[in-house]
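See structure below.
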Amino acid sequence: MRIFLAGIMQGSHVAALVHDQSYRGSFRELLEAHWPDAEVYDPFANHATSIDYDMRRAQEVFHRHVGMCREFDLVVAYVPEASMGTAIEMWEARQHGRKVVAITPLTHNWVVRITSDAVYRDRREFEHALASGDIDRLLAGESPRA
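FYI, in the working numbering the residues of the sequence shown are 611 to 756.
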């Protein structure tokens, strides 16, 4: 299984800033513990200085990452606040029949609801969904338990 770890980077910052990316390591560990044989791709891991990329390089990386979302089995999206890049990744995954799981307090946001197969308010809810088998059932095409 291939998992794309999507999530907020620049968000709504007006300045050339990146949000704290420490969430990526903990989510990656959680996913790898649950699916030891999975390939978990973290787009920030190889592009930690992407805020400084010129437009050509930025477009190249962005298009490659969006393409990966079309192909990977699962997109796990951490969206603590609006994130245009993450929304596009979620949209593309969903449009190409891939599963999308969002971890976000934005549970009433139309884009989140339309592009996600499951939405969890926070890491705790997501961990519970993993442990209970809900996400495995989702990936198998079954309905998660109520």
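C-beta: ideal position from N, C-alpha, C; glycine also.
This one's a predicted model, so the numbers in the text were calculated from it and none came from an experiment.
Looking from the CA of residue 651, the closest CA among 682, 696 and 698 belongs to 682.
DSSP, reduced to helix, strand and coil, places residue 617 within a strand of the structure shown.
Residue pairing by DSSP places residue 712 opposite 687 and 729 in a beta bridge.
Residue range 694-705 is occupied by the alpha helix (DSSP H) that includes residue 702.
The shortest C-alpha to C-alpha distance from residue 752 to any of 734, 728, 692 and 695 is the one to 728.
Here residue 744 is buried, its C-beta having at least 16 other C-beta atoms within 10 Å.
About 7 Å separates the beta carbon of residue 687 from that of residue 699, a gap short enough to meet the 8 Å contact definition.
In the three-state scheme derived from DSSP, where H, G and I count as helix and E and B as strand, residue 670 is classed as helix. Taking C-beta atoms as the reference points, residue 653 and residue 675 count as a pair closer than 8 Å.
Taking the C-beta atoms as reference points, residue 740 is found no nearer than 8 Å to residue 708. Comparing alpha carbon positions, the residue from 746, 749, 732 and 613 closest to residue 678 is 613. Cα atoms of residue 617 and residue 693: separation of roughly 8 Å, rounded to the nearest angstrom. According to DSSP, residue 612 shares a beta bridge with 649.
A direct Cα-Cα distance of roughly 11 Å separates residue 633 from residue 640.
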